[in-house]
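Report on the following structure.
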Amino acid sequence: MESKKGKLIRTQSSLLRSPVARSSIQSIFSVTEANDDEEKPQRPRRRRNRHRHHLLLLLPLLVFLLFFYLRQDSPVFANLLLFAALISLASLAARHSRVFVTRRASSVDWFIGDDDGRGRHRSEKKENPNGRAVREGVEVYSNGDSYEGEFHLGRCSGSGVYRFFAAKGRYEGDWVDGKYDGHGIETWARGSRYRGQYRHGLRHGFGVYRFYSGDSYAGEWAGGQSHGVGVQTCSDGSRYAGEFKAGVKHGLGCYHFRNGDQYSGEYFGDKIHGFGVYHFANGHCYEGSWHEGKKQGFGLYTFRSGETRSGNWDCGVLNNSLPPSDPAVQGAVQAARKAAEKAVLIPQVDDQVTRAVTAANRAATAARVAAIKAVQNQMHGKLCDTDV
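FYI, the numbering for the sequence shown is 0 to 387, going by our numbering.
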């Protein structure tokens with residue numbers, strides 16, 4: 000694969016003969032930056048105690064009214080004056096009391112996704128025209144990557160499209176808890192593409208990866224690498240069908256070389272290793288033991304004319320001739336033929352791969368629909384409720 004997420008963090012899917020293997024995901028989930036939208040704390044304002052000055056001015060008036068009250072012959076008039084003064088004093092005190100002060104509600108900021116400091120763009124919370132929140136939204140990262148699709152509990156979940164800005168690629172498909180999970184399609188700028196199953200942000204299950212160079216792998220995946228039974232086809236015409244482990248040929252398999260040669264037998268660490276049968280394009284055949292791609296140990300070499308050479312081989316050269324009837328030679332030949340038969344009989348996974356590709360195409364279509372809804376919601380100012 001050309002390049003990597005960032006949003007994700009992902010292990011590499013390696014096919015040794017394919018130079019463009021790349022990790023799937025998870026770089027998009029590892030993009031972290033400090034949030035620039037945090038508000039700076041403000042110094043609290045000092046409340047002016049103006050009511051103290053009003054009380055000081057009111058004291059002489061109260062003294063005067065009290066004196067007038069004591070001197071008046073008409074108690075009714077004096078009582079009215081005193082009552083009016085008390086009402087004024089109570090009104091002034093109530094105006095400056097904190098109990099009756101109505102504070103302005105603070106504004107509410109919202110953003111798509113969980114607040115993990117990944118440099119997301121925030122939007123002011125708005126009410127939908129119908130009063131309901133939508134599930135589709137848009138999330139833009141500080142590195143230029145973007146996600147358009149469905150959310151659940153603040154994370155990418157459901158169907159959605161993730162676009163890689165630097166790598167100029169995209170993923171369309173299923174999401175669970177912020178990671179690729181289910182079926183989907185990865186496409187990259189130079190033409191490489193994967194269609195198939197994912198688990199926890201990595202290729203896992205059945206799928207097809209076609210490299211821009213013309214190489215391809217179709218079969219089982221585990222942890223982001225070819226693992227299990229599959230078929231590797233190269234642009235030069237060579238083809239391997241058999242078992243893989245951690246991204247390389249390992250186990251039993253059959254390899255058809257571009258020059259017409261064919262090998263069936265055991266592999267170890269991407270090399271012919273163990274017991275197997277090698278048919279040359281010129282009609283010759285070797286049956287026996289191998290070590291890292293070379294004839295090693297006991298084996299039998301048969302020319303197209305019918306002539307044979309057998310014995311102990313070292314680095315591809317016969318250094319100790321033995322008759323074909325020698326027990327050691329016969330044992331090696333029988334083991335090689337048995338390994339070749341098992342390699343040919345390995346069950347194919349073409350049907351499983353076809354079903355996975357079909358499901359990936361459907362998931363990608365649903366993701367594109369969700370992305371369109373997300374963009375429309377953003378254009379109309381609809382709120383994406385990240386808590387549902």
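Heads up, the beta-carbon is just placed ideally off N, CA and C, and yes, glycines get one too.
Within the same chain, show all residues whose beta-carbon is closer than 7 Å to that of residue i, passing over the 5 residues directly before and after it, in chain order.
i	result
Ala-342	Gly-241, Leu-251, Gly-252, Cys-253, Ser-263, Gly-264
Ala-363	Glu-171, Gly-172, Gly-183, Ile-184
Gly-282	Arg-303
Asp-313	Gln-295
Lys-270	Glu-291, Gly-292
Gly-190	Tyr-211
Gly-159	Tyr-146, Glu-147, Gly-148, Glu-149, Trp-174, Ala-366, Ala-369, Ala-370
Using the C-alpha atoms, what's the distance from residue j back to residue i?
i	j	result
Leu-201	Lys-244	16 Å
Ile-184	Trp-220	14 Å
Arg-47	Gly-380	Bear in mind that a pLDDT of 46 at Arg-47, under 50, signals an unreliable position, so the number given afterwards is only what the model happens to contain. Computed Cα separation, rounded: 42 Å.
Leu-317	Gln-333	19 Å
Gly-246	Gly-229	11 Å
Ser-145	Cys-155	11 Å
Met-378	Gln-351	41 Å
Ala-358	Gly-204	12 Å
Trp-187	Asn-258	32 Å
Phe-256	Gly-236	7 Å
Gly-206	Gln-329	41 Å
Leu-321	Ala-280	26 Å
Lys-248	Gly-227	9 Å
Glu-340	Gly-153	54 Å
Ser-324	Ser-309	9 Å
Phe-297	Tyr-239	25 Å
Pro-346	Thr-353	15 Å
His-272	Gly-305	26 Å
Tyr-140	Val-348	39 Å
Ala-355	Asp-176	21 Å
Leu-344	Val-276	15 Å
Arg-169	Tyr-161	5 Å
With a threshold of 16 other CB atoms inside 10 Å of the CB of residue i, please say whether the residue is buried or exposed.
i	result
Glu-138	buried
Ser-225	buried
Lys-337	exposed
Lys-167	exposed
Gln-231	buried
Asn-376	buried
Leu-299	buried
Phe-164	exposed
Gly-268	exposed
Arg-361	exposed
Ala-366	buried
Asn-311	buried
Ala-217	buried
Phe-373	In the sequence as presented, Phe is not what sits at residue 373; that position holds Ala. Classification for Ala-373: buried.
Gly-388	Because the chain spans 0 through 387 in this model, residue 388 falls outside it and cannot be assessed.
Gly-136	buried
Glu-32	Bear in mind that a pLDDT of 36 at Glu-32, under 50, signals an unreliable position, so the number given afterwards is only what the model happens to contain. Looking at its Cβ environment, which holds fewer than 16 other Cβ atoms inside 10 Å, Glu-32 is exposed.
Tell me the DSSP bridge mates of residue i?
i	result
Cys-155	Phe-150
Ala-217	Val-207, Val-230
Asn-311	Phe-297, Asn-319
Tyr-161	Tyr-146, Tyr-170
Thr-186	Arg-169, Arg-192
Lys-244	Val-247
Glu-291	Answer by DSSP bridge pairing: none, since Glu-291 is not bridged.
Ser-225	Trp-220
Leu-201	Arg-198
Val-175	Lys-178
Arg-238	Thr-232, His-255
Phe-136	For the sequence presented, residue 136 should be read as Gly rather than Phe. Bridge partners of Gly-136: Gly-148.
Glu-286	Val-276, Leu-299
Within a Cβ cutoff of 8 Å, which residues of the same chain sit near residue i, ignoring the five residues on either side of it in sequence?
i	result
Phe-274	Gly-264, Glu-265, Gly-287, Ser-288, Trp-289, Ala-331, Ala-334, Ala-335, Lys-337, Ala-338
Gly-157	Arg-134, Gly-148, Glu-149, Phe-150, His-151, Asp-173, Trp-174, Ala-369
Asp-180	Asp-173, Trp-174, Tyr-197, Arg-198, His-199, Gly-200
I'd like to know whether the C-beta of residue i is nearer than 8 Å to at least one C-beta of chain C.
i	result
Phe-164	Absent here is chain C; the protein component of the structure consists of one chain.
Please return the same chain residues whose Cβ sits closer than 6 Å to the Cβ of residue i, not counting the five positions on each side in sequence.
i	result
Ser-23	Reliability fails at Ser-23, whose pLDDT of 39 lies under 50, so the model's placement of it is uncertain and no value is given.
Thr-301	Cys-284, Thr-307
Lys-178	His-199, Gly-200
Arg-209	Arg-192, Ser-215
His-278	Gln-261, Cys-284
Lys-319	Strictly speaking, residue 319 in this sequence is Asn, with Lys absent from that position. These residues qualify, in order along the chain: Gly-310, Asn-311.
Ala-327	Phe-297
Restricting to runs no shorter than 4 residues, where is the alpha helix (DSSP H) found entirely within the stretch 253-278? Fully enclosed alpha helix (DSSP H) runs of 4 or longer: not present.
Length at least 3, wholly inside the stretch 314-380: the beta strand (DSSP E) runs in chain order: Unbroken beta strand (DSSP E) runs of no fewer than 3 residues, entirely contained in the stretch 314-380, are found at 316-320, following chain order.
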